[in-house]
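Working notes, structure below.
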Amino acid sequence: HASGYCVIDDFVTREHGNLIADEVKRAYVNGKLPDLGVITDGRDGENTSTVNQTVRGDYIGWFSPSVEEGWSKEGLPDYVTKLNTVLDQMKVFTEGKGIQNLVSRSRAMVTCYPKGGRYTKHVDNGGMRGNGRRLTALLYLNEEEVRRGNQ
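Residue numbers (the numbering used here): 67 to 217.
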């Protein structure tokens with residue numbers, strides 16, 4: 067997309083979204099999202115002197131989702147498999163076009179915003195050096211949106 071983003075409608079069914087949302091809630095309750103989300107004062111993390119842990123209020127964990135990690139096969143692992151398929155398909159469109167190839171995927175970051183937590187606008191891959199990210203996939207599982215089918 068020329069604007070730098072795209073939306074894939076109905077990428078996740080309502081039932082699949084509900085299953086993933088329930089798993090994320092369970093992960094949060096069971097302490098599997100141990101890290102407090104933070105905002106730093108440096109876009110690339112270099113020479114960061116301040117880390118504000120009170121702005122976001124979310125909890126995160128990084129996963130290569132599998133049944134062994136406690137996820138149901140039909141939940142987060144199936145979603146990541148779908149993302150891998152999209153990544154593989156996108157490679158065809160980026161090769162030889164001056165765009166750095168999409169070569170791998172990081173672990174999935176799972177974030178839970180308990181009551182009082184809030185999303186804070188930020189840059190994932192800014193600064194002079196950046197971290198190499200070329201694509202970020204977001205799946206919002208807000209209860210009111212998932213229950214209505216508007217993931």
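The beta-carbon is built from N, C-alpha and C at its ideal position, and this holds for glycine as well.
Practice item. Taking only the alpha-carbon atoms, compute the straight-line gap between Phe77 and Lys148 and give it to the nearest angstrom. Key: 9 Å
Point to revise | Any 3 or more C-beta pairs closer than 8 Å across the stretch 152-161 and the stretch 129-136 | key: no
Point to revise | Residues near Pro180 in its chain [Cβ-Cβ closer than 8 Å; skip 5 each side] | key: Tyr94, Gly123, Asp124 and Tyr125
Review point. DSSP three-state call for Leu201: helix, strand or coil?
Key: coil
Practice item. Could you pull the start and end residues of the alpha helix (DSSP H) that Tyr94 belongs to? Key: Arg80 to Val95
Exercise for review: Just confirm the distance between the C-beta atoms of Arg171 and Asn150, as a whole number of angstroms; I'd bet it's less than 8 Å.
Suggested key: 7 Å
Practice item. Could you tell me which of Asn96, Leu102, Asn208 and Val146 sits nearest to Thr202, measuring between CA atoms? Key: Val146
Exercise for review: Measure the C-alpha to C-alpha separation of Leu207 and Leu142 and round it to an integer number of angstroms.
Suggested key: 12 Å
Exercise for review: Flag this pair as yes or no: are the beta carbons of Gly127 and Asp144 separated by less than 9 Å?
Suggested key: no
Exercise for review: Tell me whether Thr116 sits in a helix, a strand or coil according to DSSP, three-state version.
Suggested key: Any reading at Thr116 must be qualified, since the residue scores a pLDDT of 45, below 50, and its modelled position is unreliable; no value is offered.
Review point. Contact check, Cys178 vs Leu99 under 8 Å by CB: the rounded distance?
Key: 5 Å
Check your understanding: To the nearest angstrom, how far is it from the Cα of Glu140 to the Cα of His82?
Key -> 8 Å
Exercise for review: Pick helix, strand or coil for Thr186, following the three-state DSSP scheme.
Suggested key: coil
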